[in-house]
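Novice: Below are the structure tokens for one structure; questions will follow.
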Amino acid sequence: MSSSGASASTARWGGREMGNFQTEAFLSFKALFPWLQWWSYLSSVWIRPFMIAAMFAVVGRFAIGSDAAERYLLGLAVAQMVYLSAAGILRTFGDDLWQGTLSHVLCSPVNRFRLYWARGLPHAVNGFLAFIACFISVWLILDLDLTRVNWPAFATAIVLICLSTTALVMATSSLVIATREHSILHQVVSGLLILLTGVVIPVSELPAVLRAVSEVLPMTHGLAGLRGAFSGEGFDAIGTDLLAEAAIGLVCTAAGFLVFKYVETKGRENGFLEGGA
Numbered sequence: 000m001s002s003s004g005a006s007a008s009t010a011r012w013g014g015r016e017m018g019n020f021q022t023e024a025f026l027s028f029k030a031l032f033p034w035l036q037w038w039s040y041l042s043s044v045w046i047r048p049f050m051i052a053a054m055f056a057v058v059g060r061f062a063i064g065s066d067a068a069e070r071y072l073l074g075l076a077v078a079q080m081v082y083l084s085a086a087g088i089l090r091t092f093g094d095d096l097w098q099g100t101l102s103h104v105l106c107s108p109v110n111r112f113r114l115y116w117a118r119g120l121p122h123a124v125n126g127f128l129a130f131i132a133c134f135i136s137v138w139l140i141l142d143l144d145l146t147r148v149n150w151p152a153f154a155t156a157i158v159l160i161c162l163s164t165t166a167l168v169m170a171t172s173s174l175v176i177a178t179r180e181h182s183i184l185h186q187v188v189s190g191l192l193i194l195l196t197g198v199v200i201p202v203s204e205l206p207a208v209l210r211a212v213s214e215v216l217p218m219t220h221g222l223a224g225l226r227g228a229f230s231g232e233g234f235d236a237i238g239t240d241l242l243a244e245a246a247i248g249l250v251c252t253a254a255g256f257l258v259f260k261y262v263e264t265k266g267r268e269n270g271f272l273e274g275g276a
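Just so you know, numbering that gives the first Met the number 0 puts 214 at position 215 of the sequence shown, and the rest follows in order with no gaps.
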């Protein structure tokens, strides 16, 4: 086969794979919300995150000062992003199990890594939209100073946080299949990230043991980099934090996929992919 023919074949294969990924991602996302109306969607993506972040930002400004307002705004906006995406991802795996579709999906000859991430990335985008809506809304109300923000570094930090936390939630999602419980797992994951990553409580104020745990969690380093970029720091100053966030995200991705494959194998052997309460 000529090099041009091989290139064309590779391009067609890549196009099919991307098309299949987009289809799987769209259908898994749409199937999660058979009851969804635009008003309830907007309240989840914008109103709820905005109200929580605004409440803490206003309290921080008038009780402590403008620095606290900025700290709480960034921390809570990121936390709401993770809270929303985690709820969707864990619910997706739970609904696949309870509605009896999981066994059919896992018996299909589809690429497992593609299948795995098709159930997570749409919710990561959803969470990212929640962060943007929350950030802009609170900025307009509190008239925060954005003139010193390093926008390229800021955007890089929030994208890395979004992907790394999604990887952690995806790793947790396999436990939904094994335990048949998504609500408790959602609260545990979201609560740990809010408590241990510096969202409200500075990491330096945590006990030594919890501080050590914080160092290996997604969002800790990314949030530190995000706050640095908000203060005007560039990649040279926050680069270490961004690299650490990316590395933790890659570890979560690899570990999560291995757990997913293990749970799938055990599910085939023990029959707990059949759904039901």
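C-beta: ideal position from N, C-alpha, C; glycine also. On a predicted model such as this, the values are computed, not experimentally measured, just so you know.
Please classify Y40: is it buried, with 16 or more other beta-carbons within 10 angstroms of its beta-carbon, or exposed?
Specialist: Burial call: exposed.
Novice: Helix or strand or just coil, what does DSSP make of Q186?
Specialist: DSSP places Q186 in helix when its eight states are reduced to three.
Novice: Which residues in the same chain have their Cβ closer than 7 Å to the Cβ of V212, if we skip the five residues on either side of it in sequence?
Specialist: Within the same chain, V212 has close Cβ partners L195.
Novice: Does DSSP classify P48 as helix, strand or coil?
Specialist: Helix.
Novice: What would DSSP say about T91, mapped onto helix, strand or coil?
Specialist: T91: helix per DSSP, three-state reduction.
Novice: Thinking just about the alpha-carbon of each residue, which of D94, C161, S102 is nearest to the one in L249?
Specialist: When only C-alpha atoms are compared, the closest one is C161.
Novice: Report, in whole angstroms, the separation of the C-beta atoms of V168 and V137, which I expect to be a contact under 8 Å.
Specialist: That pair is no contact at about 24 Å.
Novice: Enumerate, from N- to C-terminal direction, the unbroken alpha helix (DSSP H) stretches of 4 or more residues contained entirely within the region 77–150.
Specialist: DSSP runs (the alpha helix (DSSP H)) wholly in the region 77–150: 101–106, 111–117, 120–141.
Novice: What residues in its chain sit with their C-beta under 6 Å from that of W45, if we drop five residues either side in the sequence?
Specialist: Contacts found: A132.
Novice: Report yes if the CB atom of T171 is closer than 7 Å to the CB atom of L191, and no otherwise.
Specialist: The answer is no: Cβ separation not under 7 Å.
Novice: Y82 to R267, Cα distance in whole Å?
Specialist: Taking the straight line from one Cα to the other gives about 31 Å.
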